[in-house]
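Under the numbering used here, think of the first position of the sequence shown as 1, with each following residue one higher.
Even for Gly, the Cβ is constructed at its ideal location relative to N, Cα and C.
Values in this document were obtained by computation on a predicted structure and should not be read as measured data.
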Amino acid sequence: MRIRPPAPAELPALQDIERAAGVVFRGLGMAAVADDEPPALDVLERYRRAGHAWIACDDEDRPVGYLICAPVDAALHIEQVSVHPAAARRGVGRALLTHAADRAREEGLSGLTLTTFAEVPWNAPYYERLGFRILDEAELTPGLRKIRAHEAELGLDRWPRVCMRRS
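Here it is in C-alpha coordinates:
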(Lines of atoms letter the chains of each structure in order from A and count residues from 1; the text may use other names and numbers.)
(Lines give C-alpha, C1' and ligand atoms only; values in the text may rest on other atoms or scores of the structure.)
Protein backbone atom coordinates (compact mmCIF):
# COMPACT_ATOMS: atom_id res chain seq x y z
CA MET A 1 0.00 0.00 0.00
CA ARG A 2 1.35 3.38 -0.95
CA ILE A 3 0.83 6.39 1.32
CA ARG A 4 1.48 9.82 -0.12
CA PRO A 5 0.21 13.39 -0.06
CA PRO A 6 -2.91 13.93 -2.18
CA ALA A 7 -2.79 15.95 -5.36
CA PRO A 8 -5.23 18.89 -5.47
CA ALA A 9 -7.35 17.07 -8.07
CA GLU A 10 -7.76 14.11 -5.67
CA LEU A 11 -9.41 16.10 -2.89
CA PRO A 12 -12.98 15.39 -4.13
CA ALA A 13 -12.15 11.66 -3.86
CA LEU A 14 -11.42 12.22 -0.15
CA GLN A 15 -14.90 13.65 0.25
CA ASP A 16 -16.31 10.56 -1.50
CA ILE A 17 -14.35 8.30 0.87
CA GLU A 18 -15.72 10.21 3.86
CA ARG A 19 -19.30 9.92 2.64
CA ALA A 20 -18.96 6.19 1.97
CA ALA A 21 -17.27 5.56 5.33
CA GLY A 22 -20.01 7.45 7.15
CA VAL A 23 -22.82 5.21 5.90
CA VAL A 24 -22.03 2.49 8.46
CA PHE A 25 -22.97 4.87 11.28
CA ARG A 26 -26.60 4.70 10.14
CA GLY A 27 -26.79 1.09 11.37
CA LEU A 28 -25.88 2.28 14.87
CA GLY A 29 -28.67 4.83 14.98
CA MET A 30 -26.25 7.65 14.23
CA ALA A 31 -27.87 9.01 11.07
CA ALA A 32 -26.66 12.53 11.83
CA VAL A 33 -23.07 11.29 11.65
CA ALA A 34 -23.79 9.32 8.48
CA ASP A 35 -25.32 12.41 6.88
CA ASP A 36 -22.62 14.82 8.02
CA GLU A 37 -20.85 16.49 5.13
CA PRO A 38 -17.13 15.80 4.72
CA PRO A 39 -14.58 18.59 5.08
CA ALA A 40 -14.94 21.22 2.36
CA LEU A 41 -12.39 21.26 -0.46
CA ASP A 42 -10.80 24.48 0.83
CA VAL A 43 -10.33 22.87 4.26
CA LEU A 44 -8.77 19.76 2.72
CA GLU A 45 -6.54 22.01 0.62
CA ARG A 46 -5.30 23.81 3.76
CA TYR A 47 -4.29 20.48 5.31
CA ARG A 48 -2.66 19.43 2.02
CA ARG A 49 -0.66 22.64 1.71
CA ALA A 50 0.46 22.37 5.34
CA GLY A 51 1.79 18.87 4.64
CA HIS A 52 -0.72 17.29 7.02
CA ALA A 53 -2.87 15.30 4.59
CA TRP A 54 -2.07 11.82 3.33
CA ILE A 55 -3.85 9.24 1.26
CA ALA A 56 -3.53 5.48 1.10
CA CYS A 57 -3.72 4.24 -2.47
CA ASP A 58 -4.74 0.97 -4.06
CA ASP A 59 -2.70 -0.89 -6.68
CA GLU A 60 -3.86 1.54 -9.34
CA ASP A 61 -2.79 4.56 -7.23
CA ARG A 62 -6.39 5.56 -6.45
CA PRO A 63 -7.17 6.88 -2.94
CA VAL A 64 -8.92 4.35 -0.68
CA GLY A 65 -8.33 6.13 2.63
CA TYR A 66 -7.10 9.44 3.97
CA LEU A 67 -5.90 11.16 7.11
CA ILE A 68 -5.76 14.85 7.97
CA CYS A 69 -4.09 16.22 11.08
CA ALA A 70 -2.49 19.27 12.68
CA PRO A 71 -0.13 19.96 15.58
CA VAL A 72 -2.05 20.61 18.80
CA ASP A 73 -0.25 21.19 22.11
CA ALA A 74 2.99 19.39 21.12
CA ALA A 75 1.21 16.37 19.62
CA LEU A 76 -0.05 15.63 16.13
CA HIS A 77 -3.84 15.66 16.39
CA ILE A 78 -5.68 13.36 14.00
CA GLU A 79 -8.60 15.42 12.78
CA GLN A 80 -10.00 12.69 10.53
CA VAL A 81 -9.02 9.26 9.31
CA SER A 82 -11.40 7.52 6.93
CA VAL A 83 -11.24 4.38 4.84
CA HIS A 84 -13.61 3.49 2.02
CA PRO A 85 -15.71 0.46 3.08
CA ALA A 86 -14.49 -1.45 0.00
CA ALA A 87 -10.96 -1.24 1.44
CA ALA A 88 -11.89 -1.82 5.10
CA ARG A 89 -10.19 -4.45 7.25
CA ARG A 90 -7.03 -4.42 5.18
CA GLY A 91 -4.81 -2.33 7.44
CA VAL A 92 -5.39 0.96 5.61
CA GLY A 93 -6.29 2.94 8.73
CA ARG A 94 -3.41 1.39 10.67
CA ALA A 95 -0.97 2.28 7.87
CA LEU A 96 -2.20 5.89 7.78
CA LEU A 97 -1.83 6.21 11.56
CA THR A 98 1.66 4.70 11.44
CA HIS A 99 2.59 7.22 8.76
CA ALA A 100 1.21 10.05 10.92
CA ALA A 101 3.20 8.77 13.93
CA ASP A 102 6.37 8.77 11.82
CA ARG A 103 5.69 12.35 10.72
CA ALA A 104 5.00 13.41 14.33
CA ARG A 105 8.35 11.96 15.37
CA GLU A 106 10.09 13.79 12.49
CA GLU A 107 8.43 17.04 13.58
CA GLY A 108 9.60 16.55 17.19
CA LEU A 109 6.07 16.07 18.50
CA SER A 110 5.34 13.88 21.52
CA GLY A 111 2.71 11.60 19.99
CA LEU A 112 -0.69 11.40 18.38
CA THR A 113 -4.03 12.55 19.78
CA LEU A 114 -7.56 12.19 18.51
CA THR A 115 -11.16 12.45 19.62
CA THR A 116 -13.61 9.70 18.79
CA PHE A 117 -16.82 7.93 19.70
CA ALA A 118 -16.34 5.82 22.81
CA GLU A 119 -18.83 3.06 21.98
CA VAL A 120 -18.43 2.64 18.21
CA PRO A 121 -16.46 -0.59 17.62
CA TRP A 122 -14.29 0.88 14.84
CA ASN A 123 -13.57 4.01 16.88
CA ALA A 124 -12.27 3.98 20.49
CA PRO A 125 -11.95 0.17 20.81
CA TYR A 126 -10.06 0.06 17.49
CA TYR A 127 -7.70 2.85 18.52
CA GLU A 128 -7.05 1.12 21.85
CA ARG A 129 -5.91 -1.96 19.93
CA LEU A 130 -3.48 0.33 18.09
CA GLY A 131 -1.92 1.61 21.30
CA PHE A 132 -4.01 4.71 22.03
CA ARG A 133 -5.29 5.24 25.55
CA ILE A 134 -8.27 7.24 26.75
CA LEU A 135 -7.32 10.47 28.49
CA ASP A 136 -9.11 11.43 31.67
CA GLU A 137 -10.40 14.96 32.07
CA ALA A 138 -7.33 16.14 34.02
CA GLU A 139 -5.03 15.07 31.15
CA LEU A 140 -6.75 17.16 28.49
CA THR A 141 -4.57 19.93 27.13
CA PRO A 142 -6.03 23.37 26.35
CA GLY A 143 -6.09 22.53 22.64
CA LEU A 144 -7.95 19.26 23.23
CA ARG A 145 -10.46 21.04 25.45
CA LYS A 146 -11.07 23.55 22.66
CA ILE A 147 -11.57 20.73 20.13
CA ARG A 148 -14.02 18.95 22.44
CA ALA A 149 -15.96 22.20 23.01
CA HIS A 150 -16.25 22.65 19.24
CA GLU A 151 -17.45 19.06 18.83
CA ALA A 152 -20.09 19.69 21.49
CA GLU A 153 -21.24 22.78 19.57
CA LEU A 154 -21.65 20.57 16.51
CA GLY A 155 -23.83 18.14 18.49
CA LEU A 156 -21.39 15.24 18.48
CA ASP A 157 -21.82 14.82 22.24
CA ARG A 158 -25.18 13.15 21.65
CA TRP A 159 -23.05 10.01 21.76
CA PRO A 160 -20.24 9.39 24.27
CA ARG A 161 -16.90 10.74 23.04
CA VAL A 162 -13.37 10.47 24.34
CA CYS A 163 -9.96 12.01 23.77
CA MET A 164 -7.17 9.51 23.16
CA ARG A 165 -3.39 9.66 22.95
CA ARG A 166 -0.58 7.44 21.72
CA SER A 167 2.98 8.36 22.61
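- For valine 43, the enclosing alpha helix (DSSP H) begins and ends at 41-50.
- Going by DSSP, histidine 150 is part of no beta strand (DSSP E) but of the alpha helix (DSSP H) stretching over 142-153.
- In terms of Cβ geometry, glutamate 151 and threonine 116 do not form a close pair [threshold 8 Å].
- Under the three-state reduction of DSSP output, arginine 62 falls in the coil class, being neither helix nor strand.
- Selection Gly29, Leu14, Arg94 evaluated against histidine 84 yields Leu14 as nearest (Cα-Cα).
- According to the DSSP assignment, alanine 13 belongs to the alpha helix (DSSP H) that extends over 11-22.
- Between the segment 140-148 and the segment 158-165 there are three or more inter-stretch CB-CB distances shorter than 8 Å, so the stretches are counted as touching.
- Fewer than three pairs of CB atoms, one per stretch, sit closer than 8 Å, so the segment 127-137 makes no contact with the segment 28-40.
- Under the three-pair Cβ rule at 8 Å, the segment 101-120 counts as touching the segment 69-77.
- Counting only runs that start and end inside the segment 79-111, the alpha helix (DSSP H) elements of at least 4 residues fall at 92-106.
- Leaving aside the five residues that flank alanine 70 on each side, the residues in its chain whose CB is nearer than 8 Å to its CB run, in chain order, Tyr47, Ala50, His52, Leu76, His77, Glu79.
- Leaving aside the five residues that flank tryptophan 159 on each side, the residues in its chain whose CB is nearer than 6 Å to its CB run, in chain order, Phe117.
- For alanine 32, the enclosing alpha helix (DSSP H) has its first and last residue at 31-34.
- Secondary structure note for arginine 129: its alpha helix (DSSP H) is the uninterrupted segment 124-129.
- Alanine 100 sits close to leucine 67, with the two beta carbons spaced by under 8 Å.
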